[in-house]
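All residue numbers for the sequence shown refer to numbering that gives the first Met the number 0, where the first residue is 0 and numbers rise by one.
We treat Cβ as the ideally placed atom computed from N, Cα and C, and that holds for glycine.
To keep things clear, I will list the structure first and then write my remarks on it.
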Amino acid sequence: MRPLLLVVDDEPNMLWLFEQSIGQRYRIRGARSASEARRELRRALPDLVLLDLRLPDADGLVLLTELRNAHPHLPVIVMTAYASVQTAVEAMKLGACTYLSKPFTLQELQSAIQEALAGARAGGAHAYPVAAAGAGRADILGNSPATVALRETVARIAPTDAHVLIQGESGAGKEVVARAIHALSRRAGGPFVAVNCAALPEQLLESELFGHEKGAFTGATANRTGLFEQAHRGTLLLDEIGDMPLPLQAKLLRVIEEKVVCPLGSSRCRPVDVRILAATHRDLLREVRRGAFREDLYFRLAVVPVRVPSLRERPEDIPVLARHFLREFSSRYRKMFRDLDPAALAALMSYPWPGNVRELRNLMEQVAVLWDGDRVELRHLPDTFRPQGSGVTAGENVPLPRLSKRVRTEFERERILEALRLHGGNRTRAALHLGLSRRALQIKLRTLREAGLLPADLPPDAAKDG
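Structure representation (structure tokens):
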């Protein structure tokens, strides 16, 4: 008999998609809420559950816990469109065997189902690896060839314990890749510890990495556990490894080779089981040639080299990333933005992005903070994203930061006045039109009035603060 799958997802088309794509191979039953899922489980125990983490009547992680407690050998695949590596780790800690990030491909779905069922047949839900193909996609967003290749590389190397050297420009997403590798590894249930080697002076970095005993140096008033010990049975990310001083490189090499760490001021060394991921924006081979980086340490760290492409090399990913960050910050700042209009997207895709993904993320946060509405328009973007002549004409001597603020204020003033005139000065309706609360509109009106920017013919009730 074909295996029975229970699909728990509140999206109406998901059950239909499962039936159309894999219905000939599996029997499919559906539940659109946690309560429906409980009823289906009482009717007949399936061979596998595919569980969406966003349900209308319960947190998917809560339902996952119920399933694991009631049916410890029932394999569960969790899936969600709101993915994060932290969620993946939490789900797998709770007993999920696989994590799929929507949208997933048919091949990813079939592989995950086959692996889960095979693992269950082999002797329980944990007979297969706890991390699966979908989890690595959680934060490595995008569908460009470069990003697809990067995800495939991460999926191949994550299950091993090999040290990885992650190289790429600043802001390209090296830490995101490191976290995805950890989430997909056998160490996913262990700690992920990160340190920026460029941010600390040599002695402090040594103490951070290896720990110290009380009195080991001036200011060492208590024992400190180092990051290597904190990352025991987990993963340690050494970010900006290319900036580590040479004397400390030698000590790091010894820890890697001997798998023991000796805190400063202590005669006792302690064994550590740590997978090391190193990241840098530098060309480490060039640093080796100029004597700034140890060759033996380089080859220890670069067992598997991974290059993270710059955003310029994958412009196809910009819409996906921009929308992801826009949703994130709209939720955080309680704004209504849902998308970007074509002109704004075109401007983003033609920009060179010297700061890479970090710069795009910061831009979407800036837009969410400064503006209101449901779609990001070209006028919401800073001057550098608009063609010359498309905005307010500026004198040659106006500094760019002051000009940007003035442009933002003028655009905001025009939008507010237009909304007020459309609604006859009714502040409540104008606020709804702008996607603002009534109080937020009052504050903006007060600011504009104090700056002398409200026209004399504005309906009198629209300019009130009260």
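**OP:** Thinking A30 and V61 are a contact (beta carbons under 8 Å), I'd like their distance in whole angstroms, please.
**Re:** Translated into the one-based positions of the sequence shown, residue 30 becomes position 31. Translated into the one-based positions of the sequence shown, residue 61 becomes position 62. The pair is not a contact, with the Cβ atoms about 15 Å apart (cut-off 8 Å).
Subject >> Whether M91 touches A187 by CB criterion (9 Å) >> reply: By one-based count along the sequence shown, residue 91 stands at place 92. By one-based count along the sequence shown, residue 187 stands at place 188. For M91 and A187, yes; Cβs fall inside 9 Å.
**OP:** If I'm right that F216 touches Q202 with Cβ under 8 Å, what's the distance once you round it to whole angstroms?
**Re:** Translated into positions along the sequence shown, residue 216 becomes position 217. Translated into positions along the sequence shown, residue 202 becomes position 203. Indeed they touch by this definition, with Cβ atoms about 7 Å apart.
Original post:
Going by the beta-carbon positions, is the gap between R232 and V260 smaller than 9 Å?
Top reply: The residue given as residue 232 occupies position 233 in the sequence shown. The residue given as residue 260 occupies position 261 in the sequence shown. For R232 and V260, no; Cβs fall outside 9 Å.
**OP:** In angstroms with no decimal places, state the Cα-to-Cα distance between L108 and I76.
**Re:** As a position in the sequence shown, residue 108 is number 109, starting the count at 1. As a position in the sequence shown, residue 76 is number 77, starting the count at 1. Rounded to the nearest angstrom, the two C-alpha atoms are 10 Å apart.
Original post:
Shortest alpha-carbon distance to A101 belongs to which of F336, L140, A429 and M348?
Top reply: Here residue 101 corresponds to residue number 102 of the sequence shown, with the count starting at 1. Correcting the residue type first, residue 101 is Lys in the shown sequence and not Ala. Here the closest residue by C-alpha is L140.
Subject >> Run of the alpha helix (DSSP H) containing V176, from where it starts to where it stops >> reply: Residue numbering aside, residue 176 sits at position 177 when the sequence shown is read from its first letter. Here the alpha helix (DSSP H) through V176 covers K173 to L183.
Original post:
Unbroken alpha helix (DSSP H) runs of length 4 or more, entirely within the segment 12 to 83: which are they?
Top reply: You should have 33 to 42 and 59 to 69.
Subject >> Cβ-based burial, P262 [other Cβ within 10 Å; buried from 16] >> reply: Counting from 1 along the sequence shown, the entry for residue 262 is found at position 263. Flag for P262 reads buried.
Subject >> Where the alpha helix (DSSP H) containing P341 begins and where it ends >> reply: As a first step, residue 341 is located in the sequence shown; it is residue number 342 there, counting from the start. P341 -> alpha helix (DSSP H) spans P341 to S349.
Subject >> Spatial neighbours of A439 in its chain, beta-carbon cut-off 8 Å, leaving aside the 5 residues before and after >> reply: For the purposes of this step, residue 439 is identified with residue 440 of the sequence shown, where counting begins at 1. Within the same chain, A439 has close Cβ partners D371 and A430.
Subject >> Cβ shell of D295 (< 7 Å), same chain only, five flanking positions each side left out >> reply: Here residue 295 refers to the residue found at position 296 of the sequence shown. The answer, listed in chain order, is L252.
Original post:
Using the rule of at least 16 other Cβ atoms within 10 Å of the residue's Cβ for burial, across every protein chain shown, is F227 buried or exposed?
Top reply: Counted from its first residue, the sequence shown places residue 227 at position 228. So F227 ends up on the buried side.
**OP:** Using alpha carbons as the reference points, say which of R337, A57, L377 and R37 lies closest to A69.
**Re:** Looking up residue 69 in the sequence shown gives position 70. Measuring from the Cα of A69, the nearest candidate turns out to be R37.
Original post:
Taking the alpha-carbon positions, what's the S169 to L325 distance?
Top reply: As a first step, residue 169 is located in the sequence shown; it is residue number 170 there, counting from the start. As a first step, residue 325 is located in the sequence shown; it is residue number 326 there, counting from the start. Their Cα atoms are separated by approximately 21 Å.
Original post:
How long is the line joining the alpha carbons of D282 and T152, rounded to whole angstroms?
Top reply: Within the sequence shown, the letter at position 283 stands for residue 282. Within the sequence shown, the letter at position 153 stands for residue 152. Going from the Cα of D282 to the Cα of T152 covers about 20 Å.
Subject >> Alpha-carbon to alpha-carbon, L235 and R288 >> reply: To locate residue 288, count along the sequence shown from 1; it is residue 289. To locate residue 235, count along the sequence shown from 1; it is residue 236. Between R288 and L235, the C-alpha separation is close to 26 Å.
Subject >> Continuous alpha helix (DSSP H) assignments of at least 4 residues falling wholly in the segment 270 to 326 >> reply: Annotation note: the segment 270 to 326 contains the following uninterrupted alpha helix (DSSP H) runs of length 4 or greater, listed N- to C-terminal: 283 to 288 and 294 to 300.
Original post:
Just curious, the alpha helix (DSSP H) that L452 is in, first and last residue?
Top reply: Along the sequence shown, one-based indexing puts residue 452 at 453. Run containing L452: none; DSSP gives neither H nor E here.
**OP:** Take every Cβ of the segment 300 to 307, pair it with every Cβ of the segment 172 to 189, and state whether three or more of those distances are shorter than 8 Å.
**Re:** yes
Original post:
Quick one: any contact between the segment 152 to 165 and the segment 198 to 212, if contact means 3 or more CB pairs under 8 Å?
Top reply: no
Original post:
In chain order, what residues of the same chain have a beta carbon less than 7 Å from the beta carbon of M363, not counting five sequence neighbours either side?
Top reply: Counted from its first residue, the sequence shown places residue 363 at position 364. These residues qualify, in order along the chain: A321, F324, L325 and F328.
Original post:
So, are the CB atoms of D316 and T104 less than 9 Å apart?
Top reply: Residue 316 sits at position 317 when you count from the first residue of the sequence shown. Residue 104 sits at position 105 when you count from the first residue of the sequence shown. No; because the gap between Cβ atoms is not below 9 Å, this pair is not in contact.
Original post:
What whole-angstrom Cβ distance do D373 and R337 have, given they're in contact under 8 Å?
Top reply: Residue mapping note: residue 373 aligns to position 374 of the sequence shown, counting from 1. Residue mapping note: residue 337 aligns to position 338 of the sequence shown, counting from 1. About 5 Å separates the two Cβ atoms, so the contact holds.
Subject >> C-alpha distance - D340 paired with E358, whole-angstrom precision >> reply: Stepping through the sequence shown from its first residue, residue 340 is reached at position 341. Stepping through the sequence shown from its first residue, residue 358 is reached at position 359. So the alpha carbons of these two residues sit roughly 20 Å apart.
Subject >> Beta-carbon proximity check, V414 vs L433, cutoff 9 Å >> reply: As a working note, residue 414 is residue 415 in the sequence shown. As a working note, residue 433 is residue 434 in the sequence shown. Just to set this straight, residue 414 is Arg in the shown sequence, not Val. Contact flag set, yes.
**OP:** Would you mind working out which of I27, M0, A450 and S436 sits nearest L489, comparing C-alpha positions?
**Re:** The shown model of the chain, from 0 to 465, leaves out residue 489, and the question about it has no answer.
Subject >> Residues bridged to H211 [DSSP beta-bridge criterion] >> reply: Looking up residue 211 in the sequence shown gives position 212. DSSP lists R223 and L263 as partners of H211.
Original post:
Is the beta carbon of L4 sitting closer than 9 Å to the one on I21?
Top reply: Start at 1 with the first residue of the sequence shown, and residue 4 comes out as number 5. Start at 1 with the first residue of the sequence shown, and residue 21 comes out as number 22. In contact: L4 and I21 (Cβ atoms closer than 9 Å).
Original post:
Going by Cα to Cα distance, which pick from L435, V319 and Q166 is closest to Y332?
Top reply: Taking the sequence shown and counting its residues from 1, the one referred to as residue 332 is at position 333. Nearest option by C-alpha distance: L435.
Subject >> I165 - partner residues in DSSP beta bridges >> reply: Position 166 of the sequence shown, counting from 1, holds the residue named residue 165. Under DSSP, I165 takes part in a beta bridge, and its partners are A278 and V305.
Original post:
What is the DSSP secondary structure of E336, counted as helix, strand or coil?
Top reply: Counting from one through the sequence shown, the residue named residue 336 turns up at place 337. In the sequence as presented, Glu is not what sits at residue 336; that position holds Phe. Correct three-state label for F336: coil.
Subject >> Beta-carbon contacts of G94 that lie in its chain and below 6 Å, excluding the five residues immediately before and after >> reply: Stepping through the sequence shown from its first residue, residue 94 is reached at position 95. Excluding positions up to five away in sequence, the list reads R67.
**OP:** Pull up the CB-CB distance for A115 and T97, whole angstroms please, since I reckon it's below 8 Å.
**Re:** The residue given as residue 115 occupies position 116 in the sequence shown. The residue given as residue 97 occupies position 98 in the sequence shown. About 6 Å; that satisfies the 8 Å criterion.
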